[in-house]
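Student: This structure is in structure tokens; I'll ask about it shortly.
What follows is the structure, encoded as structure tokens:
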């Protein structure tokens, strides 16, 4: 199978959906000729023109709000939020307006829009361009949240997001844009709410999202050398969440670490760990561990920044302890 | 009344009058429901501002969209909504426009193009402008009117979307209902300079109009709607008006921010319904008796709708987690 980059995968997904459905359009800062700072959207304006690939002023609440209105009246906008950190700027339009229209109208209004943005630290971009804010939006009923972990997921989830009749926030890991993965040339979609077992194993389950799937896979490879078979599962969407697959894995392995690049406290890891505790308690041989980003603003200095995110080594260390039956108490 | 060219037949005038009285009557009933503790929560009365909603909505078709505000019952009635579904919504009943899930502050009636009230001040400005963007992208000739109050002019979102609407010549009309008060504060204490000048800074043609004169509002809106359909938008209207009640129905002792004399002056000397009624009689379009009969019929309709809504069932408990996501 051919291999393409995550960036190409996103571009292909959007182009295919724009060809398929004339109501789909793109808007955001520097999405047209510039193709975004990460060049993910390069070439789309040449094919679809500036009517459907719209450069906006630097007005995040304004253009996200406009996407909501366009979506409520028959358009299918994809809005590009240049950095995930800018979510704070658009919270009212996304969480008070987009997320609630369907419910508040008793099911009469729908908001079929996609907000594509990114996550991920270690790009040396400091505290306002490095955050992973998926927990923030996953907390809001009415929003769906997708976290692709490779080019394959990025394409299939984006196409599903564009066809979904709800507001979907899709986070790409900004450090993975040039990572290649096998991606079929034939069309495919990835259903929301279906986790993917990246690696099968019997001793411990590593549930990992987005950028952390690679971390978990590297950890699993190291652990395999020590005779510990880790199962790596990628939920792919955290709203909806494929709880059944996660529970099935944990019931098999009896141990789990949940890894996500958002802040650990009140985060995605906390939510998933809590569900495992509630629903698989008698199958567990050890506490479910959370591994998120440290609860600090992302520091600039590489010496400090690298300490804030889970790494394969730290995952291995924790997995070893869990499998050895060592009592673990979170600091 | 205004010397601008009005709609030209008696039927139009009488419908405008009727719609204004329907709004006032709806609000009188809603206020009573609150005072008698029959309505859950609070609501914000539109009484006094009827000429704006009616003057504007009478210039629109069902294909044209509006976005409304927390003070939105008037917009909803003017855009074609029915009393029964509205009172059901206010009382949280299943037959309400939003199945009781939205209530007064989120009432929406998309069958007539009402995209909904919005409980965030200024919160719908993006939605209205986005609706206009969709019209332009899809080559549709519908126009969107964004209702908001003077208080909302303090929100940054307004300037972001007016900028884009002007850049892209979107068919949207910003209708600022300036009732003189931003919640419990006089507008001059929260708004520097001129409100219309803010729109003009973006190159948007802006008009200030007497919001108590339904014919003036209607004439201006019809001209602007027609031009917006031709791609000459966006436009901005500042409609000078007054709210008879407090910020919400519970805001009863309000002399610390405005005097009873001021309220009395607006109610007695500038009421949009009294003014229009007098004009209808003077022009020989309707007699006092005909008007009284119309008023009585509306009062009766409202009373029946209230009784219906009071007796109507609440949504089933199974509805609570329905409509979080669309299929």
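Residue numbers (this note's numbering), protein chains in the order written: chain A, 3 to 333; chain B, 76 to 402.
Glycine included, C-beta positions come from ideal geometry on N, C-alpha and C.
Note that the structure is a prediction, hence the values are computed from the model and not measured.
Are the C-beta atoms of residue 250/B and some chain A residue less than 8 Å apart?
Tutor: Not closer than 8 Å to any Cβ of chain A, the Cβ of residue 250/B fails to qualify, so no.
Student: Could you check which residue in 326/B, 356/B, 163/B has the C-alpha nearest to that of residue 384/B?
Tutor: Answer by Cα proximity: 163/B.
Student: Cβ closer than 7 Å: which chain A residues qualify as neighbours of residue 202/B?
Tutor: Near residue 202/B (Cβ distances below 7 Å), the residues of chain A are 67, 70, 71, 74, 99.
Student: Report yes or no: is there a C-beta of chain A within less than 8 Å of the C-beta of residue 402/B?
Tutor: For residue 402/B, the answer is yes, since a Cβ of chain A falls inside 8 Å of its Cβ.
Student: In chain order, what residues of the same chain have a beta carbon less than 7 Å from the beta carbon of residue 262/B, not counting five sequence neighbours either side?
Tutor: If we look at residue 262/B and ignore the five residues flanking it on each side, its Cβ neighbours are 225, 253, 255, 256.
Student: Run through chain B and tell me which residues come within less than 7 Å of residue 167/A, C-beta to C-beta.
Tutor: Ordered by position in chain B, the residues that pass the 7 Å Cβ test against residue 167/A are 401, 402.
Student: Taking the runs of the beta strand (DSSP E) that are 3 residues or longer, which of them lie wholly in the stretch 116–188 of chain A?
Tutor: Runs of the beta strand (DSSP E) inside the stretch 116–188 of chain A: 116–121, 146–148, 170–175, 182–184.
Student: Thinking C-alpha only, which one of 205/B, 127/B, 177/B, 140/B is nearest residue 71/A?
Tutor: Cα-wise, what sits closest to residue 71/A is 205/B.
Student: Give me the chain A residues within the contact set of residue 98/B, using Cβ-Cβ distance strictly less than 7 Å, ordered along the chain.
Tutor: Result: empty, since nearest Cβ-Cβ is about 21 Å, beyond 7 Å.
Student: In angstroms, rounded to a whole number, what distance separates the CA positions of residue 459/B and residue 142/B?
Tutor: This structure cannot speak to residue 459/B, because chain B is shown only from 76 to 402.
Student: Under 8 Å between C-beta atoms, does residue 159/A make it to chain B?
Tutor: Not closer than 8 Å to any Cβ of chain B, the Cβ of residue 159/A fails to qualify, so no.
Student: Classify residue 285/B as helix, strand or coil using the three-state DSSP reduction.
Tutor: Residue 285/B falls in the strand class under three-state DSSP.
Student: Let me make sure I understand the geometry here. Which of 41/A, 45/A, 22/A, 54/A has the alpha-carbon closest to that of residue 28/A?
Tutor: For residue 28/A, the nearest C-alpha among the options comes from 54/A.
Student: With a threshold of 8 Å between beta-carbons, can residue 104/A be considered close to chain B, or not?
Tutor: Yes, its Cβ sits closer than 8 Å to a Cβ of chain B.
Student: Within 8 Å (strictly less), CB to CB, does residue 333/A reach chain B?
Tutor: Low confidence applies here, because residue 333/A scores a pLDDT of 46, under 50, leaving its location unreliable and the question unanswered by this model.
Student: Using the Cβ count rule (16 or more neighbours within 10 Å means buried), how would you classify residue 302/A?
Tutor: So residue 302/A counts as exposed.
Student: Would you mind stating whether residue 157/A and residue 185/A have Cβ atoms separated by less than 8 Å?
Tutor: Result yes, Cβ atoms of residue 157/A and residue 185/A sit closer than 8 Å.
Student: Over what stretch of residues does the alpha helix (DSSP H) that includes residue 97/B continue unbroken?
Tutor: Counting along the chain, the alpha helix (DSSP H) containing residue 97/B begins and ends at 85–110.
Student: Hey, residue 168/B and residue 377/B: beta-carbon distance below 8 Å or not?
Tutor: No; because the gap between Cβ atoms is not below 8 Å, this pair is not in contact.
Student: What residue does the beta strand (DSSP E) around residue 220/A start on, and which one ends it?
Tutor: Unbroken run through residue 220/A is the alpha helix (DSSP H), 213–227; no beta strand (DSSP E).
Student: Would residue 190/B pass as an interface residue toward chain A - the criterion being a Cβ-Cβ separation below 8 Å?
Tutor: For residue 190/B, the answer is yes, since a Cβ of chain A falls inside 8 Å of its Cβ.
Student: When we look at the beta-carbon of residue 104/B and count the other beta-carbons within 10 Å, is it buried (16 or more) or exposed?
Tutor: When all chains shown are included, residue 104/B counts as buried.
Student: Within 10 angstroms of its Cβ, does residue 81/B collect 16 or more other Cβ (buried), or is it exposed?
Tutor: With a pLDDT of only 49 at residue 81/B, under 50, the local geometry of the prediction cannot be trusted, and no value is derived from it.
Student: Using only alpha-carbon positions, find the residue among 267/A, 245/A, 263/A, 198/A that is nearest to residue 233/A.
Tutor: That would be 198/A, whose Cα lies nearest to the Cα of residue 233/A.
Student: I believe residue 210/A touches residue 261/A by the beta-carbon criterion, under 8 Å. Please report the beta-carbon distance rounded to the nearest angstrom.
Tutor: Contact holds; Cβ gap of about 4 Å.
Student: Bridge partners for residue 248/B per DSSP, in chain order?
Tutor: Residue 248/B pairs with 220/B, 310/B.
Student: Indicate whether at least one CB of chain B lies closer than 8 Å to the CB of residue 83/A.
Tutor: With 8 Å as the cut-off, residue 83/A does not count as an interface residue toward chain B.
Student: Can you tell me which residues form a DSSP beta bridge with residue 257/B?
Tutor: Partner(s): 260/B.
Student: What do you reckon, are the CB atoms on residue 103/A and residue 66/A nearer than 8 Å?
Tutor: Not a contact, by the Cβ cut-off of 8 Å.
Student: Taking C-beta pairs closer than 8 Å, name the residues in chain A that residue 212/B reaches, listed in chain order.
Tutor: Result: 27, 53, 54, 72, 77.
Student: Can a CB atom of chain B be found closer than 8 Å to the CB of residue 95/A?
Tutor: Cβ-Cβ to chain B under 8 Å: yes for residue 95/A.
Student: Quick check on residue 173/B - is its C-beta less than 8 Å from some C-beta in chain D?
Tutor: As a matter of chain content, chain D is missing from the structure shown, whose protein chains are A and B.
Student: Is the stretch 229–239 of chain B close to the stretch 133–141 of chain A, with three or more CB pairs under 8 Å?
Tutor: Touching, no, given that fewer than three Cβ pairs across the two stretches are closer than 8 Å.
Student: The beta strand (DSSP E) with residue 262/A in it runs from where to where?
Tutor: That run of the beta strand (DSSP E) goes 258–265.
Student: Should residue 122/B go down as buried or exposed, given a rule of 16 or more other Cβ atoms within 10 Å for buried?
Tutor: With 16 or more Cβ atoms within 10 Å of its Cβ, residue 122/B is classed as buried.
Student: Can you confirm whether residue 149/A, when its beta carbon is compared against all beta carbons of chain B, has any partner nearer than 8 Å?
Tutor: No, residue 149/A does not count as interfacial toward chain B.
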